[in-house]
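So for the sequence shown, my numbering puts the first residue at 66; every next one is plus one.
For every residue, glycine included, the Cβ atom is placed at its ideal position computed from N, Cα and C.
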Amino acid sequence: QTVAPQQVMEFLHVLFVEFDNLIDMDSTLWKVETIGDAFMVASGLNHKQPESNYASSPEGVRDSCQFASAAVLFGKSALEM
66 QTVAPQQVME FLHVLFVEFD NLIDMDSTLW KVETIGDAFM VASGLNHKQP
116 ESNYASSPEG VRDSCQFASA AVLFGKSALE M
(Lines of atoms letter the chains of each structure in order from A; the text may use other names.)
(Lines give C-alpha, C1' and ligand atoms only; values in the text may rest on other atoms or scores of the structure.)
Protein backbone atom coordinates (compact mmCIF):
# COMPACT_ATOMS: atom_id res chain seq x y z
CA GLN A 66 0.00 0.00 0.00
CA THR A 67 1.27 3.44 -0.91
CA VAL A 68 0.78 6.41 1.39
CA ALA A 69 1.33 10.00 0.36
CA PRO A 70 4.19 11.77 2.17
CA GLN A 71 1.76 14.39 3.49
CA GLN A 72 -0.33 11.66 5.15
CA VAL A 73 2.76 10.21 6.81
CA MET A 74 3.75 13.63 8.15
CA GLU A 75 0.23 14.28 9.46
CA PHE A 76 0.17 10.87 11.18
CA LEU A 77 3.57 11.45 12.82
CA HIS A 78 2.50 14.90 13.98
CA VAL A 79 -0.63 13.54 15.69
CA LEU A 80 1.35 10.65 17.18
CA PHE A 81 4.12 12.87 18.56
CA VAL A 82 1.61 15.32 20.04
CA GLU A 83 0.08 12.38 21.92
CA PHE A 84 3.58 11.31 23.06
CA ASP A 85 4.17 14.86 24.34
CA ASN A 86 0.89 14.64 26.27
CA LEU A 87 2.02 11.37 27.88
CA ILE A 88 5.31 12.95 28.92
CA ASP A 89 3.48 15.90 30.46
CA MET A 90 1.63 13.46 32.74
CA ASP A 91 4.83 12.16 34.44
CA SER A 92 7.37 14.56 35.93
CA THR A 93 10.17 11.95 35.82
CA LEU A 94 9.99 11.71 32.01
CA TRP A 95 11.83 14.06 29.69
CA LYS A 96 11.59 14.33 25.91
CA VAL A 97 15.16 14.23 24.69
CA GLU A 98 14.51 14.82 21.01
CA THR A 99 12.35 14.02 18.03
CA ILE A 100 14.55 12.85 15.17
CA GLY A 101 12.72 12.19 11.92
CA ASP A 102 10.27 9.44 12.83
CA ALA A 103 11.93 8.64 16.19
CA PHE A 104 10.86 9.98 19.59
CA MET A 105 13.51 9.73 22.33
CA VAL A 106 12.49 9.74 26.01
CA ALA A 107 14.58 9.63 29.18
CA SER A 108 13.59 9.25 32.82
CA GLY A 109 15.18 10.49 36.04
CA LEU A 110 17.56 12.99 34.45
CA ASN A 111 16.60 15.92 36.67
CA HIS A 112 16.92 13.90 39.88
CA LYS A 113 19.55 15.14 42.33
CA GLN A 114 21.86 12.49 43.79
CA PRO A 115 22.49 13.35 47.45
CA GLU A 116 25.68 11.32 47.90
CA SER A 117 28.52 9.90 45.82
CA ASN A 118 27.53 6.23 46.32
CA TYR A 119 23.84 7.00 45.76
CA ALA A 120 23.46 4.66 42.75
CA SER A 121 24.34 1.60 44.83
CA SER A 122 22.40 2.68 47.92
CA PRO A 123 18.91 1.28 48.62
CA GLU A 124 17.39 4.67 47.77
CA GLY A 125 19.31 4.86 44.51
CA VAL A 126 18.24 1.38 43.48
CA ARG A 127 14.61 2.18 44.35
CA ASP A 128 14.70 5.44 42.41
CA SER A 129 16.36 3.78 39.42
CA CYS A 130 13.59 1.18 39.35
CA GLN A 131 10.96 3.92 39.49
CA PHE A 132 12.59 5.82 36.64
CA ALA A 133 12.84 2.65 34.53
CA SER A 134 9.20 1.84 35.28
CA ALA A 135 8.15 5.32 34.15
CA ALA A 136 9.94 4.84 30.83
CA VAL A 137 8.41 1.37 30.34
CA LEU A 138 4.93 2.67 31.15
CA PHE A 139 5.44 5.43 28.58
CA GLY A 140 6.28 2.78 25.98
CA LYS A 141 3.28 0.66 26.89
CA SER A 142 0.97 3.67 26.75
CA ALA A 143 2.38 4.60 23.36
CA LEU A 144 1.64 1.12 22.03
CA GLU A 145 -1.97 1.35 23.24
CA MET A 146 -2.67 4.48 21.18
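Secondary structure of residue i, DSSP reduced to three states
i      : result
Leu144 : helix
Ser108 : strand
Val68  : coil
Beta carbon of residue i nearer than 7 Å to that of residue j
i      : j      : result
Ile100 : Leu94  : no
Phe132 : Val106 : no
Separation of residue j from residue i, as counted between CA atoms
i      : j      : result
Asp102 : Glu75  : 12 Å
Asn118 : Val126 : 11 Å
Ser122 : Val79  : 41 Å
Glu124 : Cys130 : 10 Å
Own chain residues within Cβ distance below 6 Å of residue i, not counting five before or after
i     : result
Asp91 : Ala135
Contact set for residue i: own chain, Cβ-Cβ below 8 Å, skip 5 residues either direction
i      : result
Glu145 : none
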